[in-house]
Amino acid sequence: MRFIRRRLSLDQYEMHDVLEVDLADSRRIRQLANHIESRGDFHRYTLYSVDAHLAQRFFVEHNIAPFQYVEWTGNQFIVHEESDEWPALTQITMAFDYDSADGFDTIDSHLKSVTLSLNSGINESRVIDSSKVYHNASTAVFLSELQREINRFDPDIIMTNGGDFLHFSMLQKLSQESNQPFTLSRKNIALQPRTMSRIVHSYGQVIRKDSYFPIHGRLHIDIRASFIVREGGLHGLFELARHSRQSPQDISRLSPGSVISAIQMRIAMEDGVLVPWKKNRPEDTKTAWELMMADRGGLYLDSKPGLYTDVIELDFASLFPSIIATRNISPETLNCACCQPTNEIVTAANYLPLEVNSANSEFRRRRLEERVGTGLFPVPSSYACRCPVCLRIPVVEYGFLGRVVAPIIERRRQLKQQMVHKGDAIDKQQNALKWLLVTCFGYTGYKNARFGRIEAHEAICAWAREILLQTIAIAEEEGWTVLHAIVDCVWIHREDVSRQEKQVLARRFADRLPKR
Numbered sequence: 210m211r212f213i214r215r216r217l218s219l220d221q222y223e224m225h226d227v228l229e230v231d232l233a234d235s236r237r238i239r240q241l242a243n244h245i246e247s248r249g250d251f252h253r254y255t256l257y258s259v260d261a262h263l264a265q266r267f268f269v270e271h272n273i274a275p276f277q278y279v280e281w282t283g284n285q286f287i288v289h290e291e292s293d294e295w296p297a298l299t300q301i302t303m304a305f306d307y308d309s310a311d312g313f314d315t316i317d318s319h320l321k322s323v324t325l326s327l328n329s330g331i332n333e334s335r336v337i338d339s340s341k342v343y344h345n346a347s348t349a350v351f352l353s354e355l356q357r358e359i360n361r362f363d364p365d366i367i368m369t370n371g372g373d374f375l376h377f378s379m380l381q382k383l384s385q386e387s388n389q390p391f392t393l394s395r396k397n398i399a400l401q402p403r404t405m406s407r408i409v410h411s412y413g414q415v416i417r418k419d420s421y422f423p424i425h426g427r428l429h430i431d432i433r434a435s436f437i438v439r440e441g442g443l444h445g446l447f448e449l450a451r452h453s454r455q456s457p458q459d460i461s462r463l464s465p466g467s468v469i470s471a472i473q474m475r476i477a478m479e480d481g482v483l484v485p486w487k488k489n490r491p492e493d494t495k496t497a498w499e500l501m502m503a504d505r506g507g508l509y510l511d512s513k514p515g516l517y518t519d520v521i522e523l524d525f526a527s528l529f530p531s532i533i534a535t536r537n538i539s540p541e542t543l544n545c546a547c548c549q550p551t552n553e554i555v556t557a558a559n560y561l562p563l564e565v566n567s568a569n570s571e572f573r574r575r576r577l578e579e580r581v582g583t584g585l586f587p588v589p590s591s592y593a594c595r596c597p598v599c600l601r602i603p604v605v606e607y608g609f610l611g612r613v614v615a616p617i618i619e620r621r622r623q624l625k626q627q628m629v630h631k632g633d634a635i636d637k638q639q640n641a642l643k644w645l646l647v648t649c650f651g652y653t654g655y656k657n658a659r660f661g662r663i664e665a666h667e668a669i670c671a672w673a674r675e676i677l678l679q680t681i682a683i684a685e686e687e688g689w690t691v692l693h694a695i696v697d698c699v700w701i702h703r704e705d706v707s708r709q710e711k712q713v714l715a716r717r718f719a720d721r722l723p724k725r
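For the sequence shown, position 190 matches number 399 in the working numbering, and the numbering has no gaps at all.
Dropping the structure here:
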């Protein structure tokens, strides 16, 4: 144990003395935290960095990311090249065939055979080699033959459809009953789950969480247990692994919201901020009137009943994430104690560039202007307006949430430009990032989000309502009839022009809309 100095929260830049405790067995971290918490006296201490993933800590401390080409010099990693190319990995698919009396495969069913299929590449369905191992009289012989075929293929990735749910539990059971050693790892480590299956309650639903069977030296990807892989493929999974600095087989079992949380934890660790174990920040006190004005959600325009043809649908791309980035909305930039409310009208000159480095440059320019120019003589420029968010941040000028979402928005834009056709590998990568952007807004208001704040959620909704109202007003100025609008999308219609003219006018109308 030792005392070290660290930042305790996003909006506190003073360093505090904290007690750092080393454990010989990382699996006992949660047990120790529960023991300390059970003693009470919560006003005397707060627990930090209890459930941060060790692999993520390793990546962040050494400033590396999954699938980078690096060299270990003995005391540090050297990154050889930054590339969008993925390494050439060997992938096999394991298919299990059971004999079940009632048609439902369970742990008590008889495993008849396992088929191993070597794929031609990542996310490729073409099979270039295969092997089928039958489970006849001897379980020991079956496991021995299956082990030999696994070693022959020597895969980097093992794909299953239900490996966590049943298949790997069956192999573990057969190995224990026959006393025959069996492993799917490159290390000689027996197959065993890291977490057991459990029942959880989420948003009124009862959900079964399967056990998790990781393997060492390889990746076990269970399609049944991975929403991310089903939506984004392996390339999408690898993309999220780089952003979150976590093991691909770990985040393959996570929801997009949990991946966003992992990225937030990475940014916090890079900033030197300790990650709280449990959220302890309450909602700001509001009067009933303030609550009614603030907590209003997105704008919904009732549709006009009728049958319409050639209706134009306009949808904003990543509206809520872009609001977070360009309006610098973040827990530490809202209602801070050092800034007073202002009645100044906010214009486009107040918004921030989406790219992180450009946003930081804009902050430096504003801070310099504030210190040496503002108030000394008239400045005939729209830049003279003050930014409506906190400018006092001394370490990093861009808000915490902005630095989380802005790189994802920019990366997705680049991938969409590289996409050749719908459904290709690049499309799946950007689709995985899309799900992160979809959840990042809602996560700001999630009650258990470590870096969530309901005021940020309300501010994003307020900006979205304003943007949609501006869009409706501009459409009506140009002669369009707004048939329907919902949060970030409008449906417009005109009777006096042809279909071709509508398309031209709609593009012209879209160009008039706010670009930030």
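All C-beta atoms, glycine included, are put in the ideal place defined by N, C-alpha and C.
For residue i, three-class secondary structure by DSSP
i	result
residue 382	helix
residue 328	strand
residue 652	helix
residue 427	coil
residue 636	helix
residue 484	coil
residue 695	strand
residue 344	coil
residue 618	helix
residue 357	helix
residue 265	helix
residue 304	strand
residue 630	coil
residue 613	helix
residue 495	coil
residue 406	coil
residue 252	coil
residue 290	strand
Contacting residues, own chain, Cβ-Cβ under 7 Å from residue i (five flanking each side not counted)
i	result
residue 214	224, 225, 226
residue 338	327
residue 519	708, 711
residue 322	306, 341, 342, 343, 344
Proximity winner among the options, relative to residue i (alpha-carbon distances)
i	options	result
residue 355	392, 382, 378	392
residue 687	718, 650, 673, 697	718
residue 511	540, 692, 400, 432	692
residue 694	367, 522, 506	522
residue 500	248, 321, 667	667
residue 416	231, 400, 434	434
residue 301	365, 714, 457, 254	365
residue 703	697, 543, 685, 664	685
residue 485	218, 210, 212, 211	218
residue 165	699, 682, 375, 525	Any answer about residue 165 is impossible in this case: the structure gives the chain only from 210 up to 725.
residue 608	636, 541, 628, 640	541
residue 261	254, 236, 714	236
residue 697	681, 690, 705	681
Residue i versus residue j - alpha carbon distance
i	j	result
residue 383	residue 459	25 Å
residue 197	residue 387	One cannot answer for residue 197 here, as it falls past the ends of the chain, which runs 210 to 725.
residue 654	residue 707	45 Å
residue 396	residue 481	34 Å
residue 297	residue 336	16 Å
residue 394	residue 303	14 Å
residue 320	residue 340	16 Å
residue 350	residue 436	36 Å
residue 596	residue 665	With a pLDDT of 37 at residue 596, under the threshold of 50, the modelled position of that residue is not reliable, and no figure is offered here.
residue 380	residue 367	14 Å
residue 385	residue 317	14 Å
residue 419	residue 264	22 Å
residue 360	residue 429	15 Å
residue 440	residue 210	44 Å
residue 251	residue 245	10 Å
Own chain, CB closer than 8 Å to residue i, minus 5 neighbours either side, in chain order
i	result
residue 232	238, 241
residue 279	273, 286, 287, 288, 289
residue 618	527, 530, 531, 534, 563, 646
residue 517	692, 702
Nonlocal neighbours in the same chain, by C-beta distance under 6 Å from residue i, ignoring five residues either side
i	result
residue 199	Since the first residue shown for the chain is 210 and the last is 725, residue 199 is missing from the structure and cannot be characterised.
residue 508	674, 677
residue 525	697
Residue i beta carbon near the ligand SAH (any heavy atom closer than 7 Å)
i	result
residue 526	Among the components modelled here there is no ligand, and therefore nothing to report on the ligand SAH.
Original post:
Counting pairs of Cβ atoms below 8 Å between the segment 531–542 and the segment 609–621, do you hit three or more?
Top reply: They touch, by the three-pair rule.
Flag this pair as touching only if the segment 487–494 and the segment 628–647 have three or more C-beta atom pairs under 8 Å; answer yes or no.
No: the two stretches stay apart, fewer than three of their Cβ pairs being nearer than 8 Å.
Between the segment 310–322 and the segment 284–292, do at least 3 Cβ pairs fall closer than 8 Å?
Because the criterion of three Cβ pairs below 8 Å is not met, the segment 310–322 and the segment 284–292 do not touch.
Pairs of beta-carbons, one from the segment 624–640 and one from the segment 419–437, closer than 8 Å: are there three or more? As far as the Cβ criterion goes, the segment 624–640 does not touch the segment 419–437, which means the pair count is below three.
Spell out a yes or no on whether the segment 261–269 and the segment 314–331 are touching, meaning 3 or more CB-CB pairs, one atom from each, closer than 8 Å. Result no; under three Cβ-Cβ pairs closer than 8 Å.
*asked:* Contact between the segment 446–462 and the segment 272–279 is defined here as three or more beta-carbon pairs at a separation below 8 Å; is this criterion met?
replied: A contact exists between the segment 446–462 and the segment 272–279.
ask   = Are three or more beta carbon pairs between the segment 463–483 and the segment 666–686 nearer than 8 Å?
value = Two segments are said to touch when three or more pairs of C-beta atoms, one from each, lie closer than 8 Å; by this definition the segment 463–483 does not touch the segment 666–686.
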